[in-house]
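K.L.:
Numbering (this note's numbering), first residue to last: 157 to 397. We put the beta carbon where it would ideally sit given N, CA and C, even for glycine. This one's a predicted model, so the numbers in the text were calculated from it and none came from an experiment.
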């Protein structure tokens, strides 16, 4: 992790009230590592998504206060979106982000968690399997939960829920063996409510966390609340040059 990334502050945009998209990440069924930056000629163009920006601010926001409002979209499109192009569902930059908006609406995590008794509050906590069982009950697939740990108080919090899809965007089991990433099975997981406060990431995270996870660290009262859902698509494309 670079020192500059440790000092970045995050803030939940005021209009965000629900789980948001981290990204749609294609996975190759033929290669162990997921593809990334598949086409260097497909540069991010804000004008292509201008008509859906208001909705992206709510469903796919940038939480870093020190970066431009489009920087996260640029990162996700150029690293993952260029690898996710696979007609007829995703065929350009706009359709990539439109698919994220569609899936965020369709897979309403806050609603299904609350309906199953998992409420974002500061006075109770849950097991990793509690979250995974809700996904299993509603969509009959195996999901992946990622945790993050705060230094003070020393607790773990849910960071993201990962749901996997086939190329037709039908939910399937996530294939990774470990289904509770960075989560201690000996401790419960906290799922606190949203608070719109800005705090340096360095005050919340130990140095062991990787920089690419910082995209969804969102602080609340000096702790971290999860906002992200990752949408992994199996075998979307081969690398493009």
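1) Which residue's Cα is closest to the Cα of residue 310: 321, 320, 289 and 340?
2) Counting beta carbon pairs with one atom in the segment 269-276 and one in the segment 215-227, are three or more of them shorter than 8 Å?
3) Between which two residues does the alpha helix (DSSP H) containing residue 269 stretch?
4) Return helix, strand or coil for residue 254, following the three-state DSSP convention.
5) Alpha carbon to alpha carbon, what distance is there between residue 222 and residue 166?
6) Using the beta-carbon count (16 or more within 10 Å), is residue 299 buried or exposed?
7) Ordered along the chain, which non-local residues of its own chain (more than five positions away) have a Cβ less than 7 Å from that of residue 217?
8) Tell me which residues share the same chain as residue 213 and place their Cβ nearer than 7 Å to its Cβ, disregarding the 5 neighbours each side in the sequence.
9) Report buried or exposed for residue 287, applying the criterion of at least 16 other Cβ atoms within 10 angstroms of its Cβ.
10) Consult DSSP for residue 165 and reduce its assignment to one of helix, strand or coil.
11) For residue 262, which of helix, strand or coil comes out of DSSP?
12) Can you tell which of 290, 198 and 245 has the C-alpha that lies nearest to the C-alpha of residue 319?
13) With 16 other CB atoms within 10 Å as the buried threshold, where does residue 332 fall?
14) Start and end of the beta strand (DSSP E) containing residue 303?
15) Once you ignore the five residues that flank residue 247 on each side, which residues in its own chain have a CB closer than 8 Å to its CB?
16) For residue 180 and residue 306, I'd like the C-alpha separation in whole angstroms.
17) Measuring only the C-alpha atoms, how far is residue 325 from residue 314?
P.N.:
Looking at the atomic coordinates:
1) Within the chain shown, the letter at position 154 stands for residue 310. Residue 310 has its Cα closest to that of 340, out of 321, 320, 289 and 340.
2) no
3) On the chain shown, position 113 is the one that residue 269 refers to. Element bounds for residue 269: 265-271.
4) The residue labelled residue 254 in the question sits at position 98 within the chain shown. Helix at residue 254.
5) What you label residue 166 is simply residue 10 of the chain shown in a count that begins at 1. What you label residue 222 is simply residue 66 of the chain shown in a count that begins at 1. The straight-line gap from Cα to Cα measures roughly 8 Å.
6) Looking up residue 299 in the chain shown gives position 143. When all chains shown are included, residue 299 counts as buried.
7) Mapped onto the chain shown, residue 217 falls at position 61. Closer than 7 Å at Cβ, skipping near neighbours: 169, 172 and 176.
8) Counting from one through the chain shown, the residue named residue 213 turns up at place 57. The residues are 169 and 171.
9) On the chain shown, position 131 is the one that residue 287 refers to. Residue 287 is buried by the Cβ-count criterion.
10) Here residue 165 is taken as the residue at index 9 of the chain shown, counted from 1. Note: residue 165 maps to strand in three-state DSSP.
11) Within the chain shown, numbered from 1, the residue matching residue 262 stands at position 106. The answer is helix: DSSP assigns residue 262 an H, G or I state.
12) As a first step, residue 319 must be located in the chain shown, where it is residue number 163. Out of 290, 198 and 245, 290 has the C-alpha closest to the C-alpha of residue 319.
13) One-based indexing of the chain shown puts residue 332 at position 176. The residue is exposed, with fewer than 16 neighbouring Cβ atoms inside 10 Å.
14) Locating residue 303 in the chain shown gives position 147, counting from the first residue. Counting along the chain, the beta strand (DSSP E) containing residue 303 begins and ends at 300-305.
15) By one-based count along the chain shown, residue 247 stands at place 91. 241.
16) Looking up residue 180 in the chain shown gives position 24. Looking up residue 306 in the chain shown gives position 150. Cα to Cα, residue 180 sits roughly 27 Å from residue 306.
17) Here residue 325 refers to the residue found at position 169 when the chain shown is read from its first residue. Here residue 314 refers to the residue found at position 158 when the chain shown is read from its first residue. Distance between the alpha carbons of residue 325 and residue 314 is about 24 Å.
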